[in-house]
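Data first, discussion second: the structure below is written as structure tokens.
Number of protein chains: 2
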Amino acid sequence: MTDPTGRVFDALADPNRRYVVQALAQRETATATELAAELPVTRQAVAKHLAALNDAGLVESRREGRETRYELTPGPLAAAMDWIAGVGAEWDSRLARLRRHLSGGSPRRAGGARRRG
Amino acid sequence: MTDPTGRVFDALADPNRRYVVQALAQRETATATELAAELPVTRQAVAKHLAALNDAGLVESRREGRETRYELTPGPLAAAMDWIAGVGAEWDSRLARLRRHLSGGSPRRAGGARRRG
DNA sequence: ATTATACGCAACCCAGAGGTTGCGGATTGG
DNA sequence: CCAATCCGCAACCTCTGGGTTGCGTATAAT
Numbered sequence: 001m002t003d004p005t006g007r008v009f010d011a012l013a014d015p016n017r018r019y020v021v022q023a024l025a026q027r028e029t030a031t032a033t034e035l036a037a038e039l040p041v042t043r044q045a046v047a048k049h050l051a052a053l054n055d056a057g058l059v060e061s062r063r064e065g066r067e068t069r070y071e072l073t074p075g076p077l078a079a080a081m082d083w084i085a086g087v088g089a090e091w092d093s094r095l096a097r098l099r100r101h102l103s104g105g106s107p108r109r110a111g112g113a114r115r116r117g
Numbered sequence: 001m002t003d004p005t006g007r008v009f010d011a012l013a014d015p016n017r018r019y020v021v022q023a024l025a026q027r028e029t030a031t032a033t034e035l036a037a038e039l040p041v042t043r044q045a046v047a048k049h050l051a052a053l054n055d056a057g058l059v060e061s062r063r064e065g066r067e068t069r070y071e072l073t074p075g076p077l078a079a080a081m082d083w084i085a086g087v088g089a090e091w092d093s094r095l096a097r098l099r100r101h102l103s104g105g106s107p108r109r110a111g112g113a114r115r116r117g
């Protein structure tokens with residue numbers, strides 16, 4: 001999993017990690033111990049998750065005295081969204097090509113990737 | 001990984017799986033054998049990946065004669081994007097609150113989650 | 001009918017993820 | 001100084017994920 005996009009998606013695949021991301025999106029910073037208090041796992045487990053998030057570039061750590069505070073760096077989230085959007089665009093243009101090919105009627109632009117219908 | 005969102009992110013975490021998704025976004029359908037020809041893994045490996053994608057709701061299979069054709073169903077991608085967008089929104093509103101709190105100046109809306117700077 | 005193609009199922013292998021416990025080392029507080 | 005926190009490192013365990021090989025079976029082609 002050396003590619004950046006893969007690391008981001010992998011980071012978001014775990015529920016505990018998603019909880020951490022959401023938590024850090026709301027409060028400004030948090031420590032592993034604080035987060036562990038709200039999760040069904042130990043502090044070390046949370047520390048590992050934070051390491052994974054840091055590896056994906058989603059989080060930055062800063063030591064303050066005896067505690068290590070983590071902060072969200074949501075940049076890579078945009079990259080992940082871009083990837084999904086790219087797939088949606090290819091899907092849409094393929095649909096447009098198909099539609100245009102089937103009937104010469106006015107081929108209006110389709111929106112983004114739509115929900116399951 | 002019983003939660004739907006987790007399954008989608010987990011599906012997108014693997015490079016081969018992402019390749020399959022992109023491939024299916026362009027061509028209309030494909031078989032496991034066809035995809036395996038473009039990937040450094042065996043047909044069975046691709047079949048497992050397709051099963052995972054199907055489990056995440058990203059793909060549907062249809063048997064046609066002796067071959068099984070797979071088609072992309074991009075609905076769940078929107079759900080994944082929504083999750084990311086939700087985090088971005090919370091992040092933005094927190095920033096807005098902070099900015100409004102620090103200085104009474106006109107608090108213009110921030111954009112979406114921005115790229116790494 | 002026989003051969004070739006495409007699939008599914010099952011067993012198996014191995015590395016890594018997620019988790020725990022057990023320390024030892026800083027830092028803060030009395 | 002001594003006790004209480006907070007952290008990081010390391011060992012360990014278990015289970016799943018990605019991958020392979022092997023085989024049986026159904027459909028298609030000759």
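Sequence order for the protein chains is G and C. The numbering of the first sequence is our numbering, which starts it at 1 and goes up by one. The numbering of the second sequence is our numbering, which starts it at 1 and goes up by one. All residues carry an ideal CB built from backbone N, CA and C; glycine is no exception. Just so you know, these numbers come straight off a predicted model, no measurement behind them.
Under 7 Å by beta carbon: chain G residues contacting residue i
| i | result |
| --- | --- |
| residue 10 of chain C | 13 |
| residue 30 of chain C | Within chain G, no residue comes near residue 30 of chain C; the closest Cβ sits about 13 Å away, beyond 7 Å. |
| residue 80 of chain C | 84 |
| residue 26 of chain C | 90, 94 |
Contact set between residue i and chain G, taken where Cβ atoms lie within less than 8 Å
| i | result |
| --- | --- |
| residue 41 of chain C | Near residue 41 of chain C there are no residues of chain G at all, since even the closest Cβ is about 15 Å away, more than 8 Å. |
Bridge partners - residue i, DSSP secondary structure assignment
| i | result |
| --- | --- |
| residue 90 of chain C | Partner(s): none; residue 90 of chain C has no beta bridge. |
| residue 61 of chain C | C:70 |
Proximal residues of chain C, C-beta to C-beta of residue i below 8 Å
| i | result |
| --- | --- |
| residue 77 of chain G | 84, 87, 88, 113 |
| residue 35 of chain G | Near residue 35 of chain G there are no residues of chain C at all, since even the closest Cβ is about 16 Å away, more than 8 Å. |
Whole-angstrom C-beta distance between residue j and residue i, which should lie under 8 Å
| i | j | result |
| --- | --- | --- |
| residue 5 of chain G | residue 91 of chain G | Incorrect: roughly 18 Å between the Cβ atoms, too far for contact. |
| residue 23 of chain G | residue 30 of chain G | 6 Å |
| residue 53 of chain C | residue 27 of chain C | With 8 Å as the limit, residue 53 of chain C and residue 27 of chain C do not qualify as a contact, their Cβ atoms being about 15 Å apart. |
| residue 87 of chain G | residue 50 of chain C | With 8 Å as the limit, residue 87 of chain G and residue 50 of chain C do not qualify as a contact, their Cβ atoms being about 16 Å apart. |
| residue 9 of chain C | residue 12 of chain G | 4 Å |
| residue 56 of chain C | residue 7 of chain C | 4 Å |
| residue 3 of chain C | residue 15 of chain G | 6 Å |
Neighbour list for residue i in chain G, Cβ cutoff strictly below 9 Å
| i | result |
| --- | --- |
| residue 4 of chain C | Result: empty, since nearest Cβ-Cβ is about 11 Å, beyond 9 Å. |
Contact list for residue i against chain C, beta-carbon separation under 7 Å
| i | result |
| --- | --- |
| residue 69 of chain G | Within chain C, no residue comes near residue 69 of chain G; the closest Cβ sits about 16 Å away, beyond 7 Å. |
| residue 21 of chain G | 87 |
9 Å Cβ cut-off: residues of chain C touching residue i
| i | result |
| --- | --- |
| residue 72 of chain G | 87, 91 |
Which ranges does the alpha helix (DSSP H) cover as unbroken runs of at least 4 residues, wholly within the stretch 13 to 58 of chain G, from first to last along the chain?
Listed in chain order, the complete alpha helix (DSSP H) runs (minimum 4 residues) inside the stretch 13 to 58 of chain G are 15 to 26, 32 to 37, 43 to 55.
Touching by the beta-carbon criterion (3+ pairs, under 8 Å), the stretch 44 to 59 of chain G and the stretch 24 to 41 of chain C:
Contact fails between the stretch 44 to 59 of chain G and the stretch 24 to 41 of chain C, because fewer than three Cβ pairs, one in each stretch, are under 8 Å apart.
Inspect the CB distances between the stretch 70 to 80 of chain G and the stretch 54 to 61 of chain G and report whether three or more fall short of 8 Å.
These segments touch.
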